[in-house]
Every structure is written in C-alpha cells, then in structure tokens.
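Residue numbers (the numbering used here), protein chains in the order written: chain A, 132 to 273; chain B, 132 to 273. Cβ atoms here follow ideal geometry from the backbone N, Cα and C, with glycine treated the same way.
Written as structure tokens, this is what we have:
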C-alpha cells in the first residue's frame, strides 16, 4: 500500500513499516479483506505462530469512514474460526502502551492483556520488543 | 534491540522497524545468533512460509567490526540445513533495489533474483511491496 492509502485507515502513515510484504506473500492464507464494491474497507493480516498453537493477529485496519460498524470484529471472528480449525488454543495480538484506541478495541472483543501494570496503570510485558520497549500483549483462550 | 545496537550492525537504524518482536516471540525456533563471549556478533531471523515449502530469511545482521569473516554465510548455511530438514524446496529473501551490499551478499551465497530488469539493470519484482514498491526477490532451490 501507499502511505496515502495507509493514512485513510490509520489517520497517519505511522504503521506503514509494519505492513511488510511477507504478510501477503508468505502468510497470504491468513490475510483477509472486506470490500465495498471494488474498495477495500477493512483488512486483517495474521499468521499462525511457528512455536506454539497460537493465532497471531498482526494488523487490523478499518478505513476511517467505515469505523464503528463492527468490521474489525467481523475480521477477528473470521480469523478466530480459522485458528480454531487449525487447532490453535489461543489468539494473540500486541500494541504499544500509548495506543488507547487499540487497547480499547482488543478489550471490547474479549482479549485480555497479560503482564503487569506500568506506572500509568496499563498492563504491559516489560522489554517485550527490546530494552525499554514495553508492549501490551493481548491473549484470548480459544 | 535499541537503535544504537542496530546501528552497530547496520551502520544506521534504518532497519529498526523491521526488527519486529514477532521474529523472536513467534518464530524463535528459526532465530539464531553467533556470540563472541557474551556479545552477539551476528544474527539471523527467519521463518518458514505458511503458504509454500519455503525457508524465508527476513534479516541477517553482522556486527560491523566482524564483517567479512563469513559469519553471515555460516548463519545462512545453518538455516539452510534446517529448511531442508523441514522439507523446504527453496530459500527466499528480499531486499530493496538500492541495497547493493545486500544484493552482492545474496548473489555470493548462491541466491538468484527472480523478476525482470529495471531501468538500472537490476532484476526486480515490480510492485512487490505495494504500488511503485519494487523489490529484489532472491530464491535458491534446495
């Protein structure tokens, strides 16, 4: 995608670098879109963990003028079904401690953060992404 | 890793954002390091494709003052053996058309670009990473 297209979903292009082409080329069977006619209005990039029975949701984006209609949950539900069929025992997703929108969304669909509360009261896994790089790590048992 | 640590391997922190924690947390059984005493001097992050019998090398980094000693090739060889054991029929890696160091390295270890020549004579796969985002896509049959 272009950075303009990314911004139509995320409000900025800050997530551009984690839209890595491997998500389509190597994990294309867990990449899904919802279209309105020809236009992609929501998408999910996921994969199955190589080291555990885990369905991992890497990115879920909904075009800004289509948010609030349940499209994100619809994609999650679809991936969840697939993960169950693959024998996964849990779902997993991560976000940054400052991304309140993402934290709210994941809690709403029943994913819970593991780890311990940081100074702001947000449950994080310390140094998850390297020294000083805490992350909110959501899990849901299937 | 921190951006300072990344720069000790890559000369800058331009690759920081593709050192995603999933490479360790979800694909840890194809993440390898070489150490000199306690210090990591080279590493490889790979995974097996979910959609084909492909061993995919995502990142290979050698600390700058240890380059030119064959550590990168040693890591590739290790991953190659593992990929063969897993029944993979090919290896794959990608880079950007402007990364001459990476193109030289991959050619030297016997990986060949697929695709067609661009205006600079470099074989690329057009739009591999989105509109206008050509990539050099290396493959090696196993």
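In the DSSP assignment, residue 177/A falls within the beta strand (DSSP E) that extends over 170–179.
In summary, the residues of the segment 150–174 of chain A whose CB is separated from some CB of chain B by less than 8 angstroms are 150, 151, 152, 153, 156, 157, 158, 159, 160, 161, in the order they occur in the chain.
Apart from the 5 residues on each side of it in sequence, residue 141/B sits with its Cβ closer than 7 angstroms to the Cβ of 192 in its chain, given in chain order. DSSP, reduced to helix, strand and coil, places residue 203/A within a helical segment of the structure shown.
Not a single C-beta of chain A is nearer than 7 angstroms to the C-beta of residue 269/B. Flagged as an interface residue toward chain A: residue 181/B, by a C-beta distance shorter than 7 angstroms. At a C-beta separation below 8 angstroms, residue 148/B has these neighbours in chain A: 148, 149. In the DSSP assignment, residue 154/B falls within the alpha helix (DSSP H) that extends over 153–156.
Around residue 176/A, no beta-carbon contact reaches into chain B at under 8 angstroms, the shortest distance being about 11 angstroms.
At least 7 angstroms separates the CB of residue 135/A from every CB of chain B. The segment 200–250 of chain B is shown to contain whole alpha helix (DSSP H) runs of 4 or more residues at 202–216, 231–239, in chain order. In this structure, the CA atom of residue 203/A is about 8 angstroms from the CA atom of residue 174/A.
Close to residue 260/A, with beta-carbon spacing below 7 angstroms, are these residues of chain B in chain order: 152. In the structure shown, the three-state DSSP call for residue 272/B is strand. Under the three-state reduction of DSSP, residue 253/B is assigned to coil, being neither helix nor strand. In the three-state reduction of the DSSP assignment, residue 187/A falls in the strand class. Contact check for residue 242/A against residue 215/A fails: the beta carbons are separated by 7 angstroms or more.
Flagged as an interface residue toward chain B: residue 187/A, by a C-beta distance shorter than 7 angstroms. Taken through DSSP and simplified to helix, strand or coil, residue 192/A comes out as strand. Excluding the 5 residues flanking it on each side, residue 209/A has same chain C-beta neighbours closer than 7 angstroms at 163, in chain order.
For residue 137/B, the enclosing alpha helix (DSSP H) begins and ends at 134–141.
Using a Cβ-Cβ cut-off of 9 angstroms, residue 266/B is close to 152 of chain A, given in chain order. The straight-line gap separating the alpha-carbon atoms of residue 234/B and residue 201/B is approximately 16 angstroms.
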